[in-house]
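>
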Amino acid sequence: MSVAELKERHMAATETVNVLRDKLKQKRLLLLDTDVAGYARSQGKTPVTFGPTDLVCCRTLQGHTGKVYSLDWTPERNRIVSASQDGRLIVWNALTSQKTHAIKLPCAWVMTCAFSPSGQSVACGGLDSVCSIFNLNSQTDRDGNLPVTRMLSGHKGYVSSCQYVPDEDSHLVTSSGDQTCVLWDITTGLRTSVFGGEFQSGHTADVLSISINGSNSRMFVSGSCDSTARLWDMRVASRAVRTFHGHEGDVNSVKFFPDGNRFGTGSADGTCRLFDIRTGHQLQVYYQPHGDNDVPPVISIAFSISGRLLFAGYTNGDCYVWDTLLAKMVLNLGSLHNSHDARISCLGLSADGSALCTGSWDTNLKIWAFGGHRRVI
Amino acid sequence: MFGGIPIAAMVARASTLNKLSLPVIQPIVRSGNPEKKFSIDLKVGSESPVSEVHLGKFGSTCEDLSGNSDDGVDKEGAIGLAIGESNILDRGSSSSGELGFSDGHGDSNHLSGSSEVEDLDDEYKEDLGFGNCPNATVLDTKKSTMRSGDLEGCADEAPRQGNRVPVVTFLDCTSSDVASEEGDDGAVVFPDRPVVADDTKKGACYRCHKRNRFGEKEVCLVCGAKYCIKCLLRAMGSMPEGRKCITCIGYRIDESKRGTLGKCSRMLKKLLTDDVIKQIMSSEILCEVNQLPPNLICVNDKPLSIEELVLLQSCPNPPKKLKPGKYWYDKVSGFWGKEGDKPCQIISPQLAVGYTIRQDASNGNTNVQINNREITKPELWMLQAAGIHCEGNPHFWVTADGSYQHEGMNYVMGKLWDKKRVKIVCTALSLPFPSGTANTIGEEADNNTDNINSKNLDQKTMNKLLLVGSDHSGTCTVFKQAKILYNVPFSEDERQNIKFMIQRNLYSYIGILLEGRERFEEDYLVEMRRQRIDQPSSSSANANQVDEKNIYSISPRLKAFSSWLLQIMMSGNLGAIFPAATREYAPLVEELWRDKAFQATYTRRDELLMLPRVADYFLNRAVEISRMDYEPCEMDILYAEGITSSNGVASMEFSFSNSSRDGYMEPVDQNNHLVRYQLIRVHADSLGENCKWLEMFEDVDLVVYCVSLIDYDVFYEDNSGVCTNKMLASKKLFTNIVTHPNFAEKDFLLILSKFDLLEEKIEHVPLTQCDWFQDFNPVISLYPQNNNRNNPSLAQRAFYYIAVKYKRLFTSITGRKLFVSPVTGLEADSVDKALKYGREILRWEEDIHAFSMNSTESMEPSTSL
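From first to last, the protein sequence lines stand for chains W and V. Take 1 as the starting number for the first sequence in full-length UniProt numbering and just add one per residue. Take 1 as the starting number for the second sequence in full-length UniProt numbering and just add one per residue.
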């Protein structure tokens, strides 16, 4: 078979795929009789209301000298690790706002960080294409720096996101600009599986974010510059379980819904969406129209512990709190007077859901807690 | 801005102060006169009717709240907020009623109640009962009640003391109304915190009240509270502004403790790691609220502005131990002293600080004047000792170098500081004497303030240059060259990596040559056979001879090595095997290099297109390089292909050396050597086409984009099999970066690299190979050897042409000008020139408004060679 012939067949196949995809889209539209908001309204639900003291900033964690890019909580709920452009990871005690560790990184351009389930070590990754693991209990060297315990190298692009597999300190999933996600065995430092890549049906552009299913830790979802999100089974690396189309821009952030059957996405097209992993349907779009044509992309999202609230940070500095049921914006954290001075770049809920931590380009982190008659939503 | 930051401390709303029955020290109330408000508190607190009303009210709410307070109390350890429903019901936003204590400080911050008080334990009720009492008593009571709880809580990280809830408190929403900024000239005024009444016994810790005279203590810079090693971290928290109680954060430090800024006790060093200490101390020194408040310093009756203070502290001879107060300053001679006092120092003259000096500034009564100031007695004695006649109440005019003359007389009578006795007299009378010879050396200036300035300067003047370009565009060479140029050493790791890389590359070059050899051998054989057919007369023996004589054939041993190497190269495992196998194969390389067949191939290396140009440089020294003990020299490093350090990003900090000659540079100003630059090199290809990573570099000052001039005829095939011209790919990347929203306002410097190679290439390959350069049709000079300005060479024309193409592209996107500089990466001078040009651009930006007109003219030499 000649090259030209092959190319022709490839073209034809691509065409067919596109037609089928369109058909699928039509079919889905037909099947989708309502969305979450419509149904909730018909059931007479009312949106969550926020009094001035219901969600308040109670701590400001100061110490970084560069933009904060990422944060993560420990499961035991009172410690936070944050990564900043000043080339440091800082481990905080969220209750006392004390720094317990300040880790100087070999590469200052860090994009992501994660706490291990046991709280013993932290992982980070960035433009150096390496995911570095630091054991918090190891001895510091002469200069007082914590040595890198393990370098997970193998990505051919920047490491955009990393997350430990729940309850396993030895496994970690990373996503990278080389269009792949990788499951690592930390003890050996080797790749266990590679999701996507050249010969597989993976993402076709940089993968920006991952989230592991809280209730079934074998499943994780990834969001990418190819404006899709994909669901993966860690045991089946060869192909994605499902691909979720719908966004019209880069999917910057994905986060599993607390019940594990849905996940949320935040995208450069300015919308957040809710997808169901069982049916593959898009359940809801969260979009707040602005007056002008400017559509600020979503950078980071997080769900409250019940899933009723969706926190979404936007590039213009807003941080909306969405009522996920009624698709209504109920609060803008970015406009509260004691909020951050710059864009909120990362969000994270503590494991018990009692506090939200936000990291910002103004170099600070803030802890917000639910107050008033409700403690946790 | 510091007051606006919510801190784990209690805050009460100013507007509700009059309802307050408890004498509470208000930690964060940004106002011009906090002391005054404080005293109002006290007054209100002691007015019995008000507090009675309040008490009654409290009683009722207490009943109402009995249910609420329970669930507040029960929830321990979490970051829960103990805000009762009553708050929400109560007048919405004005409710800032909040009970809580950050457990770290036991001195004064129990309650900051506004309208409602909730969750009261017995001890608080007790406190309330004392509401009308004087302040000290209340504090005392509190302390006694605190003590028992604190002692047990000391070791425990998550505090659970008694039945109290560890509540994370917060700055209330409404407090920003209060925290509006006040102050002159827009300067931020940081409130002064009243010093806490010291009722603690000597030697006791202010928090746990344990007495330990000999145990070291750390002192709060604001209120002077002392804490022992156990309580320190709880009382001071994460120390975002240095050693201050959590309640004191945001307050000005006690001026008497200014000297200890940045100097921590051994105790703290024991407690925290060096790294953390360093950070805390640096924030202590640098944080805005700890700086000397400029408006408290009056020079010649004028409160200083920030700029004046900086000017004063950054001059070569700054005033020592500057404290808030009133000073006089003699601009002409540099005399400096406290108002109403004799001079205490001679600082740098001619600083534009303060108004003109008053005649009675130093409160002299001698009728003798120096520079319009009536001098004091000691000064008069000094003058007399110097042998200067002071009869008739003369008015002197003394300049900085000590030369003095009568007012209005243009005749220098002598130099004051040159007289021998003056020095002795000055010391005796404790009058200042200029340090050094000409009052210029400020070495002994107060270290403290000096440090601040240099550090501030450091942080401000770190200019970031982003060096980016597509694959093989020369960024790497420029980066390495800059490293060598500005004396940034390669680390041991880097050298090791480079060594391995060079060795690995060497084997790949050898591989390419061996592959070529095979081809040449075959060609030669074919040629020979053809010759034999052409000349059938020659005998068969002859033919055998030909085979043997084939100059491209090698010994079986080398042949084995050759096929092995080629096989590895085919499978793409070269990186995995070398340089680990270097030791084993070094002798073989030597043998191979001496082999004449190999040498014969080497002489025909021009025919091997795969062989990169730099291969020559290394192959010549193949034997040396393949040895184990080979150490790459700087030239080797420069020539080495590939990336030096980590995969995608490498960065270095440097400053331009002053000694170098600059073509278009104005005289280098004094601070110049302080200006640090950070060159960040990004390998675009390894970071993805979507340029997601660009966001990380949003704070760079200048983007240096590298384009290889010889890319115009290079094509490569991407994943989907489409053939792309590298120049067009480079153009696309350039467009991507320029149009990136974060880079909209950035300046760009285009570096066109590999000019030396262009000169060679353009003779053989026309520029029009690239679609973008279709309309390049230079007028070919009749005398190509006549290579001067009026008659530029083809390569120069091509360079101009490409530069203009990029400039037009840039202007069409942004409407601004693109700066262009040619570079030959291997020549140190040209890289130096380009980076200095980058520095020039940054300077231009600084005063672009001043001469925006000129910049267009000065653009022209930008593309000159």
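Backbone N, C-alpha and C fix where the C-beta goes; we use that ideal spot for every residue, glycine too.
What are the residues in the segment 96-124 of chain W lying within 8 Å of chain V by C-beta distance?
Thr96, Ser97, Gln98, Lys99, Ala102, Lys104, Pro106, Cys107, Ala108, Trp109, Met111
> Measure the beta-carbon distance from isoleucine 710(V) to leucine 758(V) and round it to whole angstroms, keeping in mind my assumption that it falls under 8 Å.
For this step, residue 710(V) is matched to residue 710 along the second sequence. For this step, residue 758(V) is matched to residue 758 along the second sequence. The Cβ separation is near 5 Å, so the contact holds.
> Can you tell me which residues form a DSSP beta bridge with glutamine 531(V)?
The count along the second sequence starts at 1 and reaches residue 531(V) at position 531. For glutamine 531(V), which the question treats as bridged, DSSP gives no partner whatsoever.
> Hey, would you say leucine 809(V) sits closer than 9 Å to asparagine 463(V), going by beta carbons?
Translated into positions along the second sequence, residue 809(V) becomes position 809. Translated into positions along the second sequence, residue 463(V) becomes position 463. No, these two residues do not count as a Cβ contact at 9 Å.
> Identify whether tyrosine 800(V) lies in helix, strand or coil by the three-state DSSP scheme.
Taking the second sequence and counting its residues from 1, one reaches residue 800(V) at position 800. In this structure, tyrosine 800(V) counts as helix in the three-state DSSP scheme.
> Can you find at least 3 beta carbon pairs, one from the segment 49-67 of chain W and one from the segment 77-95 of chain W, that sit closer than 8 Å?
Short answer: they touch.
> Taking beta-carbon pairs under 7 Å, can you tell me which members of the segment 262-280 of chain V lie near chain W?
Thr273, Asp274, Asp275, Val276, Gln279
> Less than 8 Å between the CB atoms is what I'm expecting for serine 562(V) and leucine 611(V), so what's the real figure, rounded?
The count along the second sequence starts at 1 and reaches residue 562(V) at position 562. The count along the second sequence starts at 1 and reaches residue 611(V) at position 611. Wrong, their Cβ atoms sit about 16 Å apart, outside the cutoff.
> Along the segment 218-239 of chain V, where does the CB come closer than 7 Å to a CB of chain W? Name the residues.
Within the segment 218-239 of chain V, the residues whose Cβ lies closer than 7 Å to some Cβ of chain W are Leu233, Gly237, Ser238, listed in chain order.
> Would you list, in sequence order, the uninterrupted alpha helix (DSSP H) runs of no fewer than 4 residues that lie entirely inside the segment 580-622 of chain V?
Runs of alpha helix (DSSP H) with 4 or more residues, each lying fully within the segment 580-622 of chain V, are found at 582-594, 596-603, 615-619, listed in chain order.
> Check whether the Cβ atoms of alanine 803(V) and valine 823(V) lie closer than 9 Å to each other.
Counted from its first residue, the second sequence places residue 803(V) at position 803. Counted from its first residue, the second sequence places residue 823(V) at position 823. Not in contact: alanine 803(V) and valine 823(V) (Cβ atoms no closer than 9 Å).
> For tyrosine 314(W) and chain V, any beta-carbon pair shorter than 9 Å?
By one-based count along the first sequence, residue 314(W) stands at place 314. Judged by the 9 Å Cβ criterion, tyrosine 314(W) is not in contact with chain V.
> Beta carbons nearer than 7 Å to chain V: which residues of the segment 290-322 of chain W have them?
Against chain V - using a Cβ distance shorter than 7 Å - the segment 290-322 of chain W contributes no residues.
> If we require 3 or more residues per run, which beta strand (DSSP E) segments fall completely within the segment 280-336 of chain W?
282-286, 298-303, 309-314, 319-323, 328-332
> Taking 9 Å as the CB-CB limit, is alanine 225(W) close to chain V?
Residue 225(W) sits at position 225 when you count from the first residue of the first sequence. For the sequence presented, residue 225(W) should be read as cysteine rather than alanine. Output row for cysteine 225(W): interface = yes.
> Since alanine 102(W) is in the alpha helix (DSSP H), which residue starts that stretch and which ends it?
Position 102 of the first sequence holds residue 102(W). Here alanine 102(W) belongs to no alpha helix (DSSP H); instead the beta strand (DSSP E) covers 98-104.
> Express the C-alpha separation of cysteine 181(W) and tyrosine 242(W) in angstroms, rounding to a whole number.
Sequence index remark: in the first sequence, residue 242(W) carries index 242 (1-based). Sequence index remark: in the first sequence, residue 181(W) carries index 181 (1-based). For clarity, residue 242(W) is arginine in the given sequence; the question names tyrosine instead. Approximately 15 Å, taken between the alpha carbons.
> Relative to the C-alpha of arginine 527(V), which residue among Tyr552(V), Gly511(V), Asn505(V), Tyr507(V) is closest?
Taking the first residue of the second sequence as position 1, residue 527(V) is located at position 527. Position check: residue 527(V) holds glutamate in this sequence, whereas arginine was assumed. Cα-wise, what sits closest to glutamate 527(V) is Tyr552(V).
> Spatial neighbours of asparagine 213(W) within its chain, please: CB distance less than 6 Å, with the 5 preceding and 5 following residues excluded, ordered by chain position.
Working through the first sequence from its first residue, we reach residue 213(W) at position 213. So the qualifying residues of the chain are Met219, Phe256, Gly260.
> Starting from the beta carbon of threonine 140(W), find every residue of chain V whose beta carbon is closer than 9 Å, and list them in chain order.
Mapped onto the first sequence, residue 140(W) falls at position 140. Per Cβ cutoff of 9 Å: Thr273, Asp274, Asp275.
> Compute the Euclidean distance between the alpha carbons of asparagine 332(W) and isoleucine 367(W), then round it to the nearest angstrom.
For this step, residue 332(W) is matched to residue 332 along the first sequence. For this step, residue 367(W) is matched to residue 367 along the first sequence. Going by the C-alpha atoms only, they are around 15 Å apart.
> Listing by chain order, which chain V residues have their CB less than 8 Å from the CB of asparagine 145(W)?
Within the first sequence, numbered from 1, the residue matching residue 145(W) stands at position 145. What asparagine 145(W) touches in chain V: Asp275.
> Run down chain W in chain order and give the residues with a C-beta less than 8 Å from the C-beta of lysine 692(V).
On the second sequence, residue 692(V) is found 692 positions in, with the first residue counted as 1. Within 8 Å Cβ-Cβ: Tyr158, Ser160, Gly177, Asp206, Leu208, Cys225, Asp250.
> Taking just the CA atoms, how far does aspartate 756(V) sit from proline 792(V)?
Start at 1 with the first residue of the second sequence, and residue 792(V) comes out as number 792. Start at 1 with the first residue of the second sequence, and residue 756(V) comes out as number 756. Approximately 15 Å between the Cα atoms of the pair.
> Tell me which residue opens and which closes the alpha helix (DSSP H) that asparagine 364(W) is part of.
Taking the first sequence and counting its residues from 1, one reaches residue 364(W) at position 364. Looking at the DSSP string, asparagine 364(W) is not in any alpha helix (DSSP H), and its letter there is neither H nor E.
> Does valine 682(V) get closer than 9 Å to chain W when you measure Cβ to Cβ?
On the second sequence, position 682 is the one that residue 682(V) refers to. With 9 Å as the cut-off, valine 682(V) counts as an interface residue toward chain W.
> Beta-carbon of lysine 23(W) versus every beta-carbon of chain V: anything under 9 Å?
Within the first sequence, numbered from 1, the residue matching residue 23(W) stands at position 23. False, the Cβ-Cβ gap to chain V never drops below 9 Å.
> To the nearest angstrom, how far is the alpha carbon of cysteine 154(V) from that of glutamine 139(W)?
On the second sequence, residue 154(V) is found 154 positions in, with the first residue counted as 1. On the first sequence, residue 139(W) is found 139 positions in, with the first residue counted as 1. Note that cysteine 154(V) scores a pLDDT of 40, beneath 50, so its modelled location is shaky; the value from the coordinates is reported in the next line. Approximately 26 Å, taken between the alpha carbons.
> Keeping to the same chain, check which residues put their C-beta closer than 6 Å to that of aspartate 269(W); ignore five residues upstream and five downstream.
Translated into positions along the first sequence, residue 269(W) becomes position 269. If we look at aspartate 269(W) and ignore the five residues flanking it on each side, its Cβ neighbours are His247, Glu248, Gly249.
> Chain V beta carbons: is any one of them nearer than 9 Å to that of aspartate 259(W)?
In the first sequence, the residue the question calls residue 259(W) occupies position 259. No, because no Cβ of chain V sits closer than 9 Å to the Cβ of aspartate 259(W).
> Can you round the beta-carbon distance between leucine 592(V) and isoleucine 512(V) to whole angstroms, since I take them to be within the 8 Å contact cut?
Position 592 of the second sequence, counted from the first residue, corresponds to residue 592(V). Position 512 of the second sequence, counted from the first residue, corresponds to residue 512(V). Their Cβ separation, rounded to whole angstroms, is 13 Å, which puts leucine 592(V) and isoleucine 512(V) out of contact at 8 Å.
> Is there at least one Cβ from chain V nearer than 9 Å to tryptophan 232(W)'s Cβ?
For the purposes of this step, residue 232(W) is taken as residue 232 along the first sequence, with counting starting at 1. Output row for tryptophan 232(W): interface = no.
> Output needed in chain order: residues of the segment 55-69 of chain W with a Cβ under 9 Å from some Cβ in chain V.
Val56, Cys57, Cys58, Arg59, Thr60, Leu61, Gln62, Gly63, Thr65, Gly66, Lys67, Tyr69
> Any idea what DSSP makes of valine 649(V), helix, strand or coil?
Sequence index remark: in the second sequence, residue 649(V) carries index 649 (1-based). Valine 649(V) falls in the strand class under three-state DSSP.
> State the start and end residues of the unbroken beta strand (DSSP E) segment that holds threonine 724(V).
Reading the second sequence from its first residue, position 724 is the one you call residue 724(V). It spans 723-725 - the beta strand (DSSP E) in which threonine 724(V) sits, taken as one unbroken run.
> Between which two residues does the beta strand (DSSP E) harbouring threonine 345(V) extend?
Start at 1 with the first residue of the second sequence, and residue 345(V) comes out as number 345. At residue 345(V) the sequence reads glutamine, which differs from the threonine that was named. Here the beta strand (DSSP E) through glutamine 345(V) covers 343-346.
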